[in-house]
Amino acid sequence: MSFSLVDSTQILSMLDNVKNYNAPLDYFPTSSLQHIGRTNNSQIFKIGIQGRNNGIIRFGETLYPYSKSVIEIVIGGYENKKSLGRRQYRTTANKLSNLALADILTPDLLSPNRPTMLRVELFTEGTIQVSIDGQEHPFLSFKDSAKIPFNYMAFTKWEKDIVIFYDCPLERTNPMC
1 MSFSLVDSTQ ILSMLDNVKN YNAPLDYFPT SSLQHIGRTN NSQIFKIGIQ GRNNGIIRFG
61 ETLYPYSKSV IEIVIGGYEN KKSLGRRQYR TTANKLSNLA LADILTPDLL SPNRPTMLRV
121 ELFTEGTIQV SIDGQEHPFL SFKDSAKIPF NYMAFTKWEK DIVIFYDCPL ERTNPMC
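Here is the structure:
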């Protein structure tokens with residue numbers, strides 16, 4: 001299920017029926033989001049993930065990125081011990097290959113009791129940085145030489161259910177975000 005929470009000044013979207021890792025995902029255009037930060041060379045998204053482990057964000061060039069590469073960011077992977085950045089190629093027959101771009105220890109980053117709010121900054125020259133909202137420095141930073149355009153976004157999980165909060169206002173005025 002997907003829905004938006006609205007008050008007089010803020011809108012955010014929530015997805016609580018996140019599809020499994022190997023299912024066909026519902027990509028949507030990043031241009032449809034209302035809350036995107038922009039610099040001369042980057043886009044910034046605020047995303048919350050609530051769950052025991054494995055909140056996964058994918059960015060791609062097209063709505064149906066089969067037989068194309070996407071950027072995959074795994075938050076709280078491997079039983080909530082690591083976070084990863086990788087380039088994934090998936091065929092139309094749903095066979096995949098992952099190219100590791102970053103792999104770091106992030107023990108207990110996710111929680112089933114509250115969302116972990118993240119800022120994801122995507123640079124046009126291929127750098128991707130993920131930080132905990134409110135912290136100055138990223139905990140995950142990597143560069144992809146393929147410079148895949150970030151035109152579309154999707155969310156997925158591995159085994160355990162998660163809830164995703166997205167299109168969150170970048171300002172810290174909304175208690176949900």
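Using the UniProt record's numbering, the first residue of the sequence shown is number 1, and each one after it goes up by one. All C-beta atoms, glycine included, are put in the ideal place defined by N, C-alpha and C. Keep in mind the model is a prediction, meaning the values are calculated, not measured.
Opposing strand residues paired with residue i [DSSP bridges]
| i | result |
| --- | --- |
| V163 | Q50 |
| G134 | G134 pairs with nothing; no bridge assigned. |
| K157 | N20 and G55 |
| L96 | R90 |
| L84 | V74 and D103 |
Residue i (DSSP reduced to helix, strand or coil)
| i | result |
| --- | --- |
| T127 | strand |
| T106 | coil |
| Y152 | strand |
| K19 | coil |
| Y78 | helix |
| T39 | coil |
| D7 | Confidence is the limiting factor: at D7 the pLDDT is only 44, short of 50, which leaves the residue's position unreliable and the question unanswerable from this model. |
| S111 | coil |
| S31 | helix |
| T91 | coil |
| E171 | coil |
| D61 | Looking at the sequence itself, residue 61 is Glu, so the reference to Asp does not match. Here E61 sits in coil by DSSP. |
| F142 | strand |
| K68 | strand |
| L25 | coil |
Burial state of residue i, where buried means 16 or more other Cβ atoms lie within 10 Å
| i | result |
| --- | --- |
| Y64 | exposed |
| M1 | The predicted model places M1 with a pLDDT of 44, which falls under 50 and marks its position as unreliable; any figure quoted below should be read in that light. The residue in question, M1, is exposed, as its Cβ has fewer than 16 Cβ neighbours within 10 Å. |
| P107 | exposed |
| A154 | buried |
| T91 | exposed |
| S67 | exposed |
| D7 | Any answer about D7 is weak, because its pLDDT of 44 lies below 50 and its placement is not dependable; what the coordinates show is given next. By the neighbour-count rule (16 or more Cβ atoms within 10 Å), D7 is not buried but exposed. |
| S4 | Model confidence at S4 stands at a pLDDT of 43, short of 50, so the residue's coordinates are unreliable; what they give is reported in the following sentence. When all chains shown are included, S4 counts as exposed. |
| K95 | exposed |
| I56 | buried |
| G134 | exposed |
| K147 | exposed |
| I47 | buried |
| E171 | exposed |
| R114 | exposed |
| N20 | exposed |
Any C-beta of chain B under 8 Å from that of residue i
| i | result |
| --- | --- |
| F123 | In the structure shown, chain B cannot be found, because there is only a single protein chain. |
Next on the checklist: I want to know whether the region 67 to 79 touches the region 32 to 40 - three or more CB-CB distances under 8 Å.
Outcome noted: no
Item to check | the region 155 to 164 contacting the region 127 to 147, beta-carbon criterion three pairs below 8 Å | outcome: no
Item to check | the region 82 to 102 contacting the region 116 to 127, beta-carbon criterion three pairs below 8 Å | outcome: no
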